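Asker: Got a structure here, written out as structure tokens. Questions coming.
Below, the structure is given as structure tokens:
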């Protein structure tokens, strides 16, 4: 930003008459303020210009919500001026101004500014050139509203990749763990040893038997009568 070139004598005279001091971290004006009949020339200190942006919500695998986001448009120093657009257009403030440290300013109303122009015509040319450069820089800077959709897309993509990467790492760690002996017994089917001929014969020869209900004598499976008491089985 082009600074205003004012003689020290003029600055001292204006500050004595129209000077105002702001302590560190104090608000000079807020965005959308309707009290716009003043502009400011910085004598000493630094002022930041802030723009508020609406609350945003970024949807993806994880929903992220952000409150009002403040974008820093500029940091101004001695010789810089601000607040002139709202004063000249008689509109609300388009941004906020905050003192970063102790700031001394010259506060001008419209009549004060025009009187200064009559006294220093070159000052009007400087100010118009500075305003023109500022407007050009503002239009060239991408608006946060235009950046947000791409920002949302990138954060959602990053979150999805992070989650996928986390799952893959967990699966890899689990695959690398040694299987315990007890788990092997449950999860792995051990092959059975082949049966011997005798074992197969014994298994085949084992047959269910009957018993007489009266004398408890054993009988063949196909017997219909007890061979001891003659009772029907």
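Residue numbers (my numbering): 1 to 233. Virtual Cβ for every residue (Gly too), placed ideally from N, Cα, C. Small disclaimer: the values here were computed from a predicted structure and weren't measured.
Look at the Cβ atom of residue 19, then the Cβ atom of residue 100, and state whether they are nearer than 9 Å.
Answerer: Taking the chain shown and counting its residues from 1, one reaches residue 19 at position 19. Taking the chain shown and counting its residues from 1, one reaches residue 100 at position 100. Cβ distance not < 9 Å, so residue 19 and residue 100 don't count as in contact.
Asker: Indicate whether residue 48 and residue 76 have their beta-carbon atoms separated by less than 9 Å.
Answerer: In the chain shown, the residue the question calls residue 48 occupies position 48. In the chain shown, the residue the question calls residue 76 occupies position 76. Closer than 9 Å, so yes.
Asker: Have a look at residue 43 and residue 82 and give me their C-alpha separation to the nearest angstrom.
Answerer: Locating residue 43 in the chain shown gives position 43, where the first residue counts as 1. Locating residue 82 in the chain shown gives position 82, where the first residue counts as 1. Rounded to the nearest angstrom, the two C-alpha atoms are 12 Å apart.
Asker: Where does residue 129 fall in DSSP's three states?
Answerer: Position 129 of the chain shown, counted from the first residue, corresponds to residue 129. Residue 129: helix per DSSP, three-state reduction.
Asker: Can you list, in chain order, the residues of its chain with a C-beta nearer than 6 Å to that of residue 31? Leave out the 5 residues immediately preceding and following it.
Answerer: In the chain shown, the residue the question calls residue 31 occupies position 31. The answer, listed in chain order, is 52, 93, 95, 96.
Asker: Residue range of the beta strand (DSSP E) that residue 40 falls in?
Answerer: Locating residue 40 in the chain shown gives position 40, counting from the first residue. For residue 40, the enclosing beta strand (DSSP E) covers residues 39–44.
Asker: Residue 6 to residue 123, Cα distance in whole Å?
Answerer: Counting from one through the chain shown, the residue named residue 6 turns up at place 6. Counting from one through the chain shown, the residue named residue 123 turns up at place 123. Rounded to whole angstroms, residue 6 to residue 123 spans 8 Å at the Cα level.
Asker: For residue 186, does the three-state DSSP call read helix, strand or coil?
Answerer: Position 186 of the chain shown holds residue 186. The predicted position of residue 186 is uncertain, since its pLDDT is 47 and thus under 50; a value taken from the coordinates is nonetheless stated next. Note: residue 186 maps to helix in three-state DSSP.
Asker: Given a cut-off of 9 Å on the beta-carbon distance, is the pair residue 41 and residue 105 in contact?
Answerer: The sequence position of residue 41 within the chain shown is 41, counting from 1. The sequence position of residue 105 within the chain shown is 105, counting from 1. Cβ atoms of residue 41 and residue 105: closer than 9 Å.
Asker: For residue 282, collect the residues of the same chain with a Cβ closer than 8 Å to its Cβ; drop the 5 residues on either side in sequence, then sort them by chain order.
Answerer: This structure leaves residue 282 out entirely; the chain is present only between 1 and 233.
Asker: Quick one: give me the first and last residue of the alpha helix (DSSP H) that residue 117 is part of.
Answerer: Sequence index remark: in the chain shown, residue 117 carries index 117 (1-based). 110–119 is the span of the alpha helix (DSSP H), which, as asked, contains residue 117.
Asker: Grouping DSSP H, G and I as helix and E and B as strand, with all else coil, what is residue 211?
Answerer: Sequence index remark: in the chain shown, residue 211 carries index 211 (1-based). Of the three classes helix, strand and coil, the one that applies to residue 211 here is strand, per DSSP.
Asker: Quick one: grab the DSSP three-state call for residue 91.
Answerer: One-based indexing of the chain shown puts residue 91 at position 91. Three-state DSSP puts residue 91 in coil, outside helix and strand.
Asker: What three-state label does DSSP hand residue 231 in the structure shown?
Answerer: In the chain shown, the residue the question calls residue 231 occupies position 231. Correct three-state label for residue 231: coil.
Asker: What residues match up with residue 20 in a beta bridge as DSSP calls it?
Answerer: Residue numbering aside, residue 20 sits at position 20 when the chain shown is read from its first letter. For residue 20, which the question treats as bridged, DSSP gives the partners 105.
Asker: Please name the residue or residues paired with residue 96 in a DSSP beta bridge.
Answerer: Indexing the chain shown from 1 puts residue 96 at position 96. Its beta-bridge partners are 50.
Asker: Using a Cβ-Cβ cutoff of less than 6 Å, which residues in the same chain neighbour residue 69 once the five nearest sequence positions on both sides are dropped?
Answerer: Along the chain shown, one-based indexing puts residue 69 at 69. The answer, listed in chain order, is 53.
Asker: For residue 29 and residue 164, what's the separation of their Cα atoms in angstroms?
Answerer: Within the chain shown, the letter at position 29 stands for residue 29. Within the chain shown, the letter at position 164 stands for residue 164. So the alpha carbons of these two residues sit roughly 47 Å apart.
Asker: Which word fits residue 84, buried or exposed, when buried means at least 16 other C-beta atoms lie within 10 angstroms of its C-beta?
Answerer: Sequence index remark: in the chain shown, residue 84 carries index 84 (1-based). Buried, because 16 or more other Cβ atoms sit within 10 Å of the Cβ of residue 84.
Asker: Please report the straight-line C-alpha distance between residue 130 and residue 12, rounded to a whole angstrom.
Answerer: As a working mapping, residue 130 is identified with position 130 in the chain shown. As a working mapping, residue 12 is identified with position 12 in the chain shown. In a straight line, the C-alpha of residue 130 is about 22 Å away from that of residue 12.
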